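*Asks:* Pasting a structure here, questions to come.
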Amino acid sequence: MTTSREWEFAGSRGAVTARIWSDGEPRYVAVLVHGYGEHLGRYEHVADALVRHGAVVCGPDHMGHGRSAGERVLIEDFEDVVADVHTVAGSARGDHPGLPVVMIGHSMGGLIATRYAQLHGGGLAALVLSGPVVGRWGAVERLLALDEMPDEPIDPSTLSRDPSVGKAYTEDPLVWHGPFKKTTVRALDAALRRVNEHGSLGALPTLYLHGEDDRLVPPGDTRAGIEAVRGDDLTERIYPEARHEVFNETNRDEVLADVTAFIDRVLGRR
Numbered sequence: 001m002t003t004s005r006e007w008e009f010a011g012s013r014g015a016v017t018a019r020i021w022s023d024g025e026p027r028y029v030a031v032l033v034h035g036y037g038e039h040l041g042r043y044e045h046v047a048d049a050l051v052r053h054g055a056v057v058c059g060p061d062h063m064g065h066g067r068s069a070g071e072r073v074l075i076e077d078f079e080d081v082v083a084d085v086h087t088v089a090g091s092a093r094g095d096h097p098g099l100p101v102v103m104i105g106h107s108m109g110g111l112i113a114t115r116y117a118q119l120h121g122g123g124l125a126a127l128v129l130s131g132p133v134v135g136r137w138g139a140v141e142r143l144l145a146l147d148e149m150p151d152e153p154i155d156p157s158t159l160s161r162d163p164s165v166g167k168a169y170t171e172d173p174l175v176w177h178g179p180f181k182k183t184t185v186r187a188l189d190a191a192l193r194r195v196n197e198h199g200s201l202g203a204l205p206t207l208y209l210h211g212e213d214d215r216l217v218p219p220g221d222t223r224a225g226i227e228a229v230r231g232d233d234l235t236e237r238i239y240p241e242a243r244h245e246v247f248n249e250t251n252r253d254e255v256l257a258d259v260t261a262f263i264d265r266v267l268g269r270r
């Protein structure tokens, strides 16, 4: 049975809480990178599927998110978040030397994971991006133009066709339900520009997943970013009628099967 434990380290801007799931002898490391306003505890079922597939799974709650320290959802520079993810990945490598590392980033976590791959891609065997905030994000452009951030919580129905997902999200005390911070919006804008300008991920095998009916991070916004960073080995899956959180969608089993099949293909070539 999959077991998990939490641990804490001194992050870039304060204490960061990380989590690790394991069972038996793993054949690869999977690093999960969560999205804006949420926390890694929402990925329990993803971690369980990956552990059953042969992974040891780990990841942090980003600064200002979940159980980590800091003002809620305040990020001044996403390079600091990348550095914290690097600490978690480095710890996993130290505990499991020689195992290939796969990074999986969702939404804002896709932006963080892409930047990580640009800086540290030599240490990754593969990258998985789910509804990633890359290219442009209309929400950021709209918020940048405002003096005051509107207090408009995310419509939970945009997350998944499964209503229980939205209900759990709304009732989760570790999820941020308040407005964006202007500082975070500026940092998102800077990170998007930085990633777009950096260029290709080269030979790194990359799996891009997106819900066709994603109204939070529309596929059209993401497309330019994927084209800017795509390398020599890009696999793409666009799921008809699926919304933003494809790992929580009604076809979640299909999505997770696509992820594990992709990982098997990459590991089989090593």
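Just so we're aligned: 68 in the UniProt record's numbering is position 68 of the sequence shown, and the numbers increase by one with no gaps anywhere. Glycine included, every Cβ here is placed at the ideal spot set by N, Cα and C. All values derive from a computational prediction rather than experimental measurement.
(1) My output table needs one value for Met103: the three-state DSSP class, helix, strand or coil.
(2) Suppose only complete runs of 4+ residues qualify. What are the alpha helix (DSSP H) ranges in the stretch 76 to 156, listed by chain order?
(3) If you drop the 5 nearest sequence neighbours on each side, which residues of the same chain put their C-beta closer than 6 Å to that of Glu71?
(4) Among residues of its own chain, excluding the 5 on either side of Leu146, which ones have a beta-carbon nearer than 6 Å to its beta-carbon?
(5) Could you check where the beta strand (DSSP E) with Pro60 kicks off and where it finishes?
(6) Evaluate the contact criterion for the stretch 152 to 164 versus the stretch 54 to 62: three or more CB pairs, one atom per stretch, below 8 Å.
(7) Take Ala139 as the anchor and find which of Leu209, His210, Val217, Leu192 has the nearest alpha-carbon.
(8) State buried or exposed for Arg142, treating a residue as buried only when at least 16 other CB atoms are found within 10 Å of its CB.
(9) DSSP on Ser12, reduced to helix/strand/coil?
(10) On the DSSP letters alone, give me the boundaries of the alpha helix (DSSP H) that Glu227 sits inside.
(11) So, at 6 Å on beta carbons, what are the nonlocal neighbours of Glu245 in its own chain, with the 5 sequence-adjacent residues on each side left out?
(12) If you follow the alpha helix (DSSP H) that Ala261 is in, where does it begin and where does it stop?
(13) Enumerated in chain order, which unbroken segments of the beta strand (DSSP E) with a length of 3 residues or greater are wholly contained in the stretch 172 to 249?
(14) Return no unless some Cβ of chain C is closer than 8 Å to the Cβ of Asp264.
(15) How many angstroms separate the CA atom of Ala18 from the CA atom of Ala47?
(16) Relative to the C-alpha of Pro150, which residue among Leu99, Pro97, Val175, Val185 is closest?
(17) For Leu188, count neighbouring C-beta atoms within 10 Å of its own C-beta (all shown protein chains included) and say buried if the count is 16 or more, exposed if not.
(18) For Thr3, name the three-state secondary structure that DSSP assigns.
(19) Opposite Val31 in the DSSP bridges: which residues?
(20) Within this structure, are the beta carbons of Asp214 and Arg193 separated by less than 8 Å?
(21) Can you tell me which residues form a DSSP beta bridge with Ser22?
(22) Between the stretch 222 to 231 and the stretch 167 to 178, do at least 3 Cβ pairs fall closer than 8 Å?
(23) Using only the heavy atoms of the ligand ADP, determine whether one of them is closer than 7 Å to the beta carbon of His62.
(24) Do Ala92 and Val16 count as a contact pair if the criterion is CB distance below 8 Å?
(25) Assuming contact is defined by CB atoms lying nearer than 8 Å, are Gly11 and Leu32 in contact in what I supplied?
(26) According to the neighbour-count rule (16 or more other Cβ atoms, all chains shown, within 10 Å of its Cβ), is Pro153 buried or exposed?
(27) Below 7 Å CB to CB, which residues in the same chain sit around Val266 once its five sequence neighbours on both sides are set aside?
(28) Measuring straight from C-alpha to C-alpha, what distance separates Gly268 and Glu171?
*Replies:* If we stick to the structure as given:
(1) As a first step, residue 103 is located in the sequence shown; it is residue number 103 there, counting from the start. The three-state secondary structure of Met103, taken from DSSP, is strand.
(2) Correct list: 78 to 95, 108 to 120, 138 to 144.
(3) Residue numbering aside, residue 71 sits at position 71 when the sequence shown is read from its first letter. Same-chain partners within the cutoff: Gly64.
(4) Locating residue 146 in the sequence shown gives position 146, counting from the first residue. Cβ within range, chain order: n/a, list empty.
(5) Sequence index remark: in the sequence shown, residue 60 carries index 60 (1-based). Unbroken beta strand (DSSP E) run through Pro60: 55 to 60.
(6) Three or more Cβ pairs closer than 8 Å define a contact, and the stretch 152 to 164 falls short of that threshold against the stretch 54 to 62.
(7) Reading the sequence shown from its first residue, position 139 is the one you call residue 139. It is Val217 whose Cα lies nearest to the Cα of Ala139.
(8) Your numbering for residue 142 matches position 142 in the sequence shown. It is exposed - the Cβ of Arg142 has fewer than 16 other Cβ atoms within 10 Å.
(9) Residue mapping note: residue 12 aligns to position 12 of the sequence shown, counting from 1. It is coil, neither helix nor strand.
(10) Taking the sequence shown and counting its residues from 1, the one referred to as residue 227 is at position 227. Glu227: member of the alpha helix (DSSP H) spanning 219 to 229, first to last residue.
(11) Taking the first residue of the sequence shown as position 1, residue 245 is located at position 245. Here the set comprises Leu159, Ser160.
(12) As a position in the sequence shown, residue 261 is number 261, starting the count at 1. 252 to 268 is the extent of the alpha helix (DSSP H) around Ala261.
(13) For the beta strand (DSSP E) assignment, the uninterrupted runs of no fewer than 3 residues enclosed by the stretch 172 to 249 are, from N- to C-terminal side, 206 to 211, 234 to 239.
(14) This model lacks chain C altogether; it includes just one protein chain.
(15) Taking the sequence shown and counting its residues from 1, the one referred to as residue 18 is at position 18. Taking the sequence shown and counting its residues from 1, the one referred to as residue 47 is at position 47. Their backbone Cα atoms lie some 13 Å apart in a straight line.
(16) For the purposes of this step, residue 150 is taken as residue 150 along the sequence shown, with counting starting at 1. With distances taken between Cα atoms, Pro150 lies closest to Val185.
(17) Start at 1 with the first residue of the sequence shown, and residue 188 comes out as number 188. A residue is called buried once 16 or more other Cβ atoms fall within 10 Å of its Cβ, and Leu188 is buried on that count.
(18) Here the question's residue 3 lines up with position 3 in the sequence shown. The answer is strand: DSSP assigns Thr3 an E or B state.
(19) The residue you call residue 31 lines up with position 31 of the sequence shown. Among the bridge pairs identified by DSSP, Val31 is matched with Cys58, Met103.
(20) The sequence position of residue 214 within the sequence shown is 214, counting from 1. The sequence position of residue 193 within the sequence shown is 193, counting from 1. In this structure, Asp214 sits away from Arg193, with a CB-CB distance that is not shorter than 8 Å.
(21) The residue labelled residue 22 in the question sits at position 22 within the sequence shown. Its beta-bridge partners are Thr3.
(22) With the cut-off at 8 Å, the stretch 222 to 231 and the stretch 167 to 178 do not touch.
(23) Ligands in the displayed structure: none, and consequently the ligand ADP is not present.
(24) Position 16 of the sequence shown, counting from 1, holds the residue named residue 16. Position 92 of the sequence shown, counting from 1, holds the residue named residue 92. Contact flag unset, no.
(25) Taking the first residue of the sequence shown as position 1, residue 11 is located at position 11. Taking the first residue of the sequence shown as position 1, residue 32 is located at position 32. No. Outside cutoff.
(26) The count along the sequence shown starts at 1 and reaches residue 153 at position 153. Counting the other Cβ atoms within 10 Å of the Cβ of Pro153 gives fewer than 16, which makes it exposed.
(27) For this step, residue 266 is matched to residue 266 along the sequence shown. Same-chain partners within the cutoff: Ala125, Ala126, Pro205.
(28) In the sequence shown, residue 268 corresponds to position 268, counting from 1. In the sequence shown, residue 171 corresponds to position 171, counting from 1. Straight-line spacing of the CA atoms in Gly268 and Glu171 works out to 41 Å.
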